[in-house]
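Heads up: the sequence shown is residues 58 to 746, going by my numbering.
Every residue gets a Cβ at the ideal spot worked out from N, C-alpha and C, and that includes glycine.
Nothing here was measured: the structure is a model prediction, and the numbers come from that model.
Note sheet for the following structure.
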Amino acid sequence: MTATRTHCPYCSLQCGMQVSRKGRVGIEISAWQEFPVNEGAMCRKGWTSGELRGSRERLTTPMVRDRETGELRAAGWDEALDLVASRIAALQGEHGKDTVAVFGGGGLTNEKAYQLGKFARVALGTSQIDYNGRWCMSSAASAGNQAFGVDRGLPFPLADLEQTDVLVLVGSNMAETMPPAARHLDRLRERGGKVVVIDPRFTATAERADLFLQPVPGTDLALALGVLHLLDAQGAIDEEYVAARTTGFGDVRRSVASWWPERVERTTGVATDELRALADLLTGADRVMVLTARGAEQHSQGTATVLGWLNIALALGMPGKPYAGYGCLTGQGNGQGGREHGQKADQLPGYRMIDDPAARAHVAAVWGVEPDSLPGKGRSAYELLDSLGDGGGSKALLVFASNIVVSAPRATHVTQRLESLDLLVVCDIVMSETAALADVVLPITQWAEESGTMTNLEGRVILRQQAIAPPEGVRSDLDVIEGLATRLGSPVAFPTDPEEIFAELGRASAGGKADYSGITYARITDEMGVFWPCPAVGPGEAAHPGTPRMFDDSFPTPDGRARFLVQEFVGAAEQPDASYPVHLTTGRVLAQYQSGAQTRRIKGLTDEGAFVELHPMLADRIGAHDGALVVVRTRRGEMKAPARIVTTIRPDTVFIPFHWVGANRLTNDALDPSSRMPEFKVCAAEVLV
């Protein structure tokens with residue numbers, strides 16, 4: 058059969074691939090050489106992504122929990138949807154609209170994310186909607202909005218990395234989390250550029266670095282303040298750029314004056330000569346890129362940390378300069394597009410804010426409802442989950458594309474909140490740990506079985522095309538939304554055709570920061586993706602070309618200038634002490650993705666299980682041996698896993714991957730005051746044999 062061009066179901070690269078039928082139910086993955094993001098390259102997750110298609114663990118019929126036995130049993134679609142709708146109506150009749158909450162996912166297509174936000178606010182009338190993308194790049198999003206006036210992960214194409222002079226990666230293990238992107242590091246170095254990696258662990262990405270800095274977890278902001286101090290002392294500030302294109306630098310300059318190298322070393326553990334080496338690299342470069350990722354952002358000071366590094370990029374005059382600037386390496390497949398169109402608590406389509414009367418009026422007109430009928434701002438992701446059931450919040454939760462039991466911070470507490478609900482409904486392709494708790498489980502289509510758009514880390518809107526029919530008994534999330542909306546008596550229709558929904562999304566986003574109104578499925582196919590913003594134009598006018606590179610002439614702020622913002626270092630919410638003497642940090646490994654609900658079920662991927670990475674000095678102190686079980690304990694819980702003794706981690710730090718149940722039972726739920734990002738990346742821990 059002819060292969061269908063589509064995109065990988067995993068990370069934010071959205072690598073191009075070709076999919077064709079293999080046997081009765083299988084699919085075969087092959088390279089799509091022409092797609093510019095990956096040029097035919099993929100990691101092992103992409104090459105094996107078709108294996109879930111024929112898995113015995115694939116859900117193909119709705120499941121309803123029997124009230125007498127407490128077990129899940131097979132049910133028909135009408136029975137399941139009727140049950141969900143009737144229980145929602147009863148709960149809302151007794152407790153009000155907000156008693157039903159919706160939790161979405163950064164893996165949903167733009168069409169699904171858009172419909173989910175519309176469904177929550179129109180069909181359910183609830184303000185309680187957020188999504189797991191809040192735990193992805195929300196700190197970088199908050200920082201970008203504050204400094205630049207807009208949030209787009211990379212305001213330039215990924216390939217621009219190859220042409221910069223110095224690339225600084227803060228908290229990114231690109232070589233393992235998005236391997237095809239790492240080729241840009243190699244090409245950059247081949248042409249004489251330098252790579253700097255900042256991470257508490259010496260990773261596969263650090264192996265490609267010309268300079269590696271290994272700070273104490275949670276101190277990336279202090280490091281940034283120290284770098285800016287040295288740049289100012291060395292006369293490296295681009296005074297002309299700062300005067301012409303920014304505001305606020307005077308206050309920032311004064312705020313970093315006390316961050317001399319010795320203070321930075323005491324705070325971060327990074328030696329003064331290493332700090333000066335970084336400052337010297339930046340001072341001598343014409344073009345500098347600074348990229349942050351989850352390691353810098355998943356902190357209670359995540360937004361401040363990003364702003365600290367963003368201030369460096371601005372001080373050097375880089376944002377808007379070719380092959381230079383600041384960007385964020387988004388994690389989830391649709392982490393960018395997923396929040397632009399309405400499944401985030403405070404946003405409406407087009408990256409409009411829900412408390413803006415003009416935004417409400419515009420979107421309400423597209424939806425055919427009154428602006429006053431739209432609910433206001435709801436709780437952020439963790440706050441929503443923390444308040445569920447016995448916590449005094451919503452009594453029902455609908456979950457789309459998220460495995461909360463594994464991915465939420467302080468996961469044992471969150472699981473207890475889920476268990477206290479009157480109604481938990483989960484849409485998934487497999488029986489995830491969260492689905493196993495549900496009252497109703499609805500089997501939905503996976504990426505190769507449906508069409509829809511995604512927005513990758515560059516802001517490139519791409520089209521996943523359906524390559525194969527879904528198994529009998531499986532429906533799309535769009536069908537689920539429509540079925541429930543109809544049963545609940547929604548005042549407006551919810552179409553299920555993705556292209557029709559995308560056209561409506563375009564109208565709803567028109568004039569917003571993330572304007573998709575000039576993008577069509579045909580354009581995406583012809584141009585291999587279109588970069589937003591891409592507004593529609595009038596009759597007879599040439600189509601807008603899209604915006605691969607932003608900030609050339611100005612920033613989308615009221616005065617067109619970027620903002621320097623003063624940041625004060627506070628440190629992690631929880632510091633080591635006598636009872637919990639080491640830092641715990643979490644992250645990903647090459648063979649797994651997010652909560653592992655998909656990748657752990659693919660035989661072609663190594664499922665090694667959770668492990669605890671620790672330094673030989675720490676291992677000697679506690680008597681741990683490589684491969685032997687150790688216990689990691691924090692104030693929120695404990696877990697047991699094999700020790701992996703390595704010299705690549707700081708002696709005061711342990712690392713656990715979060716793809717398996719356990720790691721997030723330990724993590725701290727302290728929240729960033731701006732982004733509401735939980736502090737996944739650092740807490741105080743004890744390790745025992």
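DSSP places A204 inside the alpha helix (DSSP H), whose first and last residues are S195 to F205. Taking 8 Å as the upper bound for CB-CB distance, F668 and R693 are not in contact here, some 20 Å apart. Annotation for M235: C68 and L70 place their beta carbon closer than 6 Å to its own, counting only its chain and skipping 5 residues before and after. According to the DSSP assignment, S464 belongs to the alpha helix (DSSP H) that extends over I461 to S464. Closest by C-alpha distance to E108, out of L129, T126, N95 and S77, is S77. Annotation for L494: no alpha helix (DSSP H) segment contains it, and DSSP assigns it neither H nor E. Boundaries of the beta strand (DSSP E) harbouring E743: C740 to L745, taken from the DSSP string. Counting along the chain, M346 sits inside no alpha helix (DSSP H); it lies in the beta strand (DSSP E) bounded by residues V345 to T349. When the Cα atoms are used, L622 and M346 turn out to be separated by approximately 19 Å. Annotation for V498: M120, V483 and A492 place their beta carbon closer than 6 Å to its own, counting only its chain and skipping 5 residues before and after. DSSP places P414 in no beta strand (DSSP E) but in the uninterrupted alpha helix (DSSP H) bounded by P414 to W424. DSSP places H640 within a strand segment (E or B) once states are collapsed to three. Boundaries of the beta strand (DSSP E) harbouring A700: G694 to I702, taken from the DSSP string. Residue state for A560 is assigned as helix, using DSSP reduced to three classes.
If you look at K169, you'll find it in the alpha helix (DSSP H) that goes N167 to K175. If you ignore the 5 residues before and after Q355, its C-beta comes within less than 8 Å of the C-beta of W192, S196, M734, P735, E736, F737 and K738, all in its own chain and listed in chain order. Judged by DSSP in its simplified three-state form, H64 adopts strand.
By the C-beta criterion, the region 419-429 is judged not to be in contact with the region 494-508, since fewer than 3 inter-stretch pairs fall below 8 Å.
Taking the Cα positions, E247 is about 11 Å away from D222. Judged by DSSP secondary structure, G73 falls within the beta strand (DSSP E) whose first and last residues are G73 to K79. At a Cβ-Cβ threshold of 7 Å, G307 and G163 do not count as neighbours. Inclusion of L386 and V327 in the CB contact set at 7 Å is not warranted, their separation being larger than that value. Short of 6 Å from the beta carbon of S357, and not among the five residues preceding or following it, lie these beta carbons of its own chain, in chain order: A630, A727, D729 and E736.
Counted as a single uninterrupted DSSP element, the stretch harbouring M674 is not any beta strand (DSSP E) but the alpha helix (DSSP H) occupying residues P673 to I679. In the pairwise beta carbon analysis, the region 144-153 is classified as not touching the region 509-526: fewer than three pairs are separated by under 8 Å. Taking a C-beta distance under 7 Å as the contact criterion, R178 and P432 qualify as a contact pair.
The C-alpha of V426 is placed about 43 Å away from the C-alpha of R645. With contacts defined by Cβ atoms closer than 7 Å, R467 and G446 do not form a contacting pair. Distance from the Cα of D139 is smallest, within the candidate group L686, V537 and D664, for V537. Note: D222 is not bridge-paired with any residue in the DSSP secondary-structure output. Its Cα nearest to that of Q291, the residue A372 stands out among M194, R606, A372 and L671.
When secondary structure is reduced to three states using DSSP, A131 falls in the strand class. In summary, G653 is buried, with 16 or more beta-carbon neighbours lying within 10 Å of its beta-carbon over all protein chains present.
At the C-beta level, I255 and V227 come within 7 Å of one another. K102 sits in a helix when the DSSP states are folded into three classes.
Using a Cβ distance threshold of 7 Å, W366 and A293 do not count as a contacting pair.
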